Structures are given as structure tokens and as C-alpha cells.
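Right, one structure below, let's go through it.
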Amino acid sequence: MILCAGEALIDMLPGRTGAGAEAFVPHPGGAVFNTAVALGRLGAPTGFFSGLSTDLFGERLAAGLAEATVDTRLCARSARPTTLAFVHLCDGQADYAFYDENTAGRMLTEADLPPLPDTVAALFCGGISLAVEPCGSAYEALMLRAAGSAPTMIDPNIRRGFAADETAYRARLARMIAAADIVKLSEEDLRWVEGPGAPEAQARALLDRGPRLVLLTRGAAGAQAFGAAAEARVAARPVRVVDTVGAGDTFNGGILAALHRMGALSKGRLEALTGDDLTEALGFATRAAAITVSRAGANPPREKDLA
Numbered sequence: 087m088i089l090c091a092g093e094a095l096i097d098m099l100p101g102r103t104g105a106g107a108e109a110f111v112p113h114p115g116g117a118v119f120n121t122a123v124a125l126g127r128l129g130a131p132t133g134f135f136s137g138l139s140t141d142l143f144g145e146r147l148a149a150g151l152a153e154a155t156v157d158t159r160l161c162a163r164s165a166r167p168t169t170l171a172f173v174h175l176c177d178g179q180a181d182y183a184f185y186d187e188n189t190a191g192r193m194l195t196e197a198d199l200p201p202l203p204d205t206v207a208a209l210f211c212g213g214i215s216l217a218v219e220p221c222g223s224a225y226e227a228l229m230l231r232a233a234g235s236a237p238t239m240i241d242p243n244i245r246r247g248f249a250a251d252e253t254a255y256r257a258r259l260a261r262m263i264a265a266a267d268i269v270k271l272s273e274e275d276l277r278w279v280e281g282p283g284a285p286e287a288q289a290r291a292l293l294d295r296g297p298r299l300v301l302l303t304r305g306a307a308g309a310q311a312f313g314a315a316a317e318a319r320v321a322a323r324p325v326r327v328v329d330t331v332g333a334g335d336t337f338n339g340g341i342l343a344a345l346h347r348m349g350a351l352s353k354g355r356l357e358a359l360t361g362d363d364l365t366e367a368l369g370f371a372t373r374a375a376a377i378t379v380s381r382a383g384a385n386p387p388r389e390k391d392l393a
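Under my numbering, the first residue of the sequence shown is numbered 87, with each subsequent residue one higher.
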């Protein structure tokens with residue numbers, strides 16, 4: 087299975103009461119949670135590891151994973167509260183205010199890490215869980231442990247201002263990017279990580295640090311893949327955008343699901359991906375993400391929606 091390791095939280099999305107007053111409506115979310123749900127819905131064998139609360143929101147998150155046929159047996163359950171992310175939408179773009187202190191996800195430690203079963207064929211890490219302690223150190227340790235035997239992928243999914251110690255956060259991301267086989271970054275994330283520069287040249291330069299595949303999402307300009315043996319680019323699919331919540335997470339799930347279907351989730355195959363392989367994977371991922379942005383909130387498509 088593909089194990090997704092990182093945060094699960096509740097997105098409090100803006101809405102209206104029956105009387106028309108402004109309100110926030112709870113929806114299961116979190117970058118890594120959304121990626122796991124997308125993977126499961128797209129038919130890939132998927133597991134999830136996180137610090138998951140036993141409170142009412144934690145049970146709702148567990149139910150959402152189960153509905154997507156995601157295996158949660160490795161999760162560290164506790165009575166600590168669930169992280170909440172209040173979402174403000176401006177022209178369809180999401181800004182977040184996080185309430186994360188002393189939560190089940192935030193307080194995960196290396197002592198909570200499970201032994202990885204032989205069924206774990208690949209590991210995905212990312213999201214806000216990498217920006218804070220103690221969970222950031224725990225997920226880094228998990229990825230470094232897995233990197234010797236299984237393909238690993240990271241999507242930092244930067245949330246500006248969330249990291250209390252930016253220097254330590256940047257150092258962690260540098261170590262994890264060097265250890266990863268697949269790195270996915272939005273243009274905004276790439277600028278935050280690498281500074282000003284030409285995005286394509288910066289993406290190619292990341293390959294020299296260790297990854298076998300670098301993925302760059304460029305919003306309306308589509309997505310690009312930079313591999314050891316080939317490159318590819320696909321255009322964005324035309325769609326009426328409701329909001330962008332979960333779009334990048336669905337792209338991640340789509341890439342991993344496509345590589346799994348192609349039998350390419352191994353270190354050797356990732357090294358040898360052709361231009362056609364990359365175009366096929368990017369096309370599948372962008373189609374899935376386009377469906378998500380056409381819906382309210384993080385609601386990834388199912389395999390049949392892409393048939």
C-alpha cells in the first residue's frame with residue numbers, strides 16, 4: 087500500500103445558516119488526509135498514519151478515511167483535540183487560520199511511530215505537520231527510515247507564517263527533499279524554498295540533490311514533470327473553479343495512483359520514466375485536480391469519475 091503520513095484536521099469552511107447569518111461548516115481535511123482520500127477513491131491501496139483524536143471530529147475523520155477504503159490501523163489515537171483550520175476564501179483562493187496547540191496531530195512524537203509493515207510499497211509525507219514540533223521530527227524520522235527501501239514523496243505545501251522556527255523548518259525540508267524520490271511543489275512553494283529565479287531551472291536543479299522526479303504545479307498554466315531521463319508538461323484543464331481547497335492534494339493522489347497503475351512506484355522505474363510516462367501521469371493528476379476545484383471544499387473524485 088501507499089502510506090500517507092501527516093495531518094488530518096477539520097476545515098471550517100465559510101457558509102450560511104438557514105436564516106442567512108455567516109457561519110463556519112466543518113469538513114474533514116488536511117493536506118495529507120486529502121491526499122490519502124484521493125488515493126483511496128482513485129483505487130490505489132492506501133494507508134494513513136497520523137496522530138488522530140478520539141473526539142467527535144477525530145471520529146469524523148476516521149469515518150471519511152474508511153469511506154475511501156483507507157487503512158487507518160497504523161494511526162496513533164489519543165484523547166487530545168483535533169486541529170481546526172478556519173478557511174477564508176478570496177476569489178476562490180483559500181487562506182487559513184490554524185488552531186493546533188496540544189492537538190492529537192501536533193503532539194505526535196517519534197515514540198509513536200509504528201514499525202512499517204512489508205505491505206508499505208511507498209510513503210508520502212508533507213503538509214503543515216512538517217512545520218511544527220514534535221510531530222515534524224517524527225515525520226522526518228519516519229521518512230528517513232522508509233527511504234532506504236521504498237519510494238518516498240514529499241509535498242511541503244507551505245503555509246506562510248505557520249512555522250514557529252523558520253530556520254529549522256527550512257533545514258528539515260532540505261533534508262527531506264534530498265531523501266525523497268519524488269518532490270512536488272507549487273510555484274509559490276518553489277519560490278519560498280528556493281527564492282527568486284526561473285521556476286524550470288530551479289526544478290531541474292532539485293534533481294541534483296537526490297530526487298528522481300520533481301513535479302511543478304503552475305495553476306492555470308498547468309503542470310510540469312522533471313525526471314532523470316525525460317521531462318513533460320500538460321496544460322490545465324478548463325473548468326469553472328468553485329474553490330481551490332484540496333486541488334494540490336488531489337494532484338498528489340492522482341500522480342501516485344497513476345504511477346501505481348503503471349507499475350512505476352519503484353526507485354528503478356522512477357529513474358527511467360519516459361516522456362510518455364510522465365505525460366500520462368500528469369494528465370491523470372490534472373484531470374483529477376480539475377474535478378476537485380469544480381466542487382466546494384476538498385472533495386476528490388472517484389476512479390469512475392475519470393473513466
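Glycine included, each C-beta is placed from N, C-alpha and C at the ideal position.
What you are looking at is a predicted structure, and each value in this text was computed from that prediction instead of being measured.
Distance CB(R373)-CB(R323) smaller than 8 angstroms: As a first step, residue 373 is located in the sequence shown; it is residue number 287 there, counting from the start. As a first step, residue 323 is located in the sequence shown; it is residue number 237 there, counting from the start. Cβ distance < 8 angstroms, so R373 and R323 count as in contact.
Run of the beta strand (DSSP E) containing S85, from where it starts to where it stops: Nothing can be reported for residue 85: it is not among the residues displayed for the chain, which extend from 87 to 393.
Cβ neighbours of A307 in the same chain (closer than 7 angstroms, five flanking residues each side left out): Taking the sequence shown and counting its residues from 1, the one referred to as residue 307 is at position 221. Counting only Cβ-Cβ distances below 7 angstroms, and skipping sequence neighbours, we find A322.
For S272, the three-state DSSP class (helix, strand or coil): Locating residue 272 in the sequence shown gives position 186, counting from the first residue. Three-state DSSP puts S272 in a strand.
CA nearest to the CA of M193, picked from G212, C211, P203 and Y225: Here the question's residue 193 lines up with position 107 in the sequence shown. Measuring from the Cα of M193, the nearest candidate turns out to be Y225.
Distance between beta carbons of A207 and A236, contact taken as under 8 angstroms: Position 150 of the sequence shown, counted from the first residue, corresponds to residue 236. Position 121 of the sequence shown, counted from the first residue, corresponds to residue 207. Rounded, the Cβ-Cβ distance is 6 angstroms, consistent with contact.
Cutoff 6 angstroms; reference A217; Cβ partners in own chain excluding five residues on either side: For this step, residue 217 is matched to residue 131 along the sequence shown. The residues are F248, A249 and Y255.
At least 3 beta-carbon pairs within less than 8 angstroms: the segment 297-313 vs the segment 262-269: yes
Three-way DSSP call (helix, strand, coil) for P285 in this model: Here residue 285 is taken as the residue at index 199 of the sequence shown, counted from 1. DSSP places P285 in helix when its eight states are reduced to three.
Terminal residues of the beta strand (DSSP E) in which S164 lies: Within the sequence shown, the letter at position 78 stands for residue 164. Here the beta strand (DSSP E) through S164 covers A162 to S164.
Start and end residues, alpha helix (DSSP H) containing A265: Residue mapping note: residue 265 aligns to position 179 of the sequence shown, counting from 1. Residues E252 to A265.
Inter-residue Cα distance where the pair is S223 and A232: Working through the sequence shown from its first residue, we reach residue 223 at position 137. Working through the sequence shown from its first residue, we reach residue 232 at position 146. The straight-line gap from Cα to Cα measures roughly 14 angstroms.
Segment contact flag, the segment 104-111 with the segment 134-148, C-beta cutoff 8 angstroms, min 3 pairs: no
Boundaries of the beta strand (DSSP E) in which R319 is found, first to last residue: For the purposes of this step, residue 319 is identified with residue 233 of the sequence shown, where counting begins at 1. Its beta strand (DSSP E) spans residues E317 to V320.
Beta-carbon gap between D97 and V379 smaller than 8 angstroms: Reading the sequence shown from its first residue, position 11 is the one you call residue 97. Reading the sequence shown from its first residue, position 293 is the one you call residue 379. No, these two residues do not count as a Cβ contact at 8 angstroms.
Reference N243; option with closest CA among D251, L147, L259 and E196: As a first step, residue 243 is located in the sequence shown; it is residue number 157 there, counting from the start. Cα-wise, what sits closest to N243 is L259.
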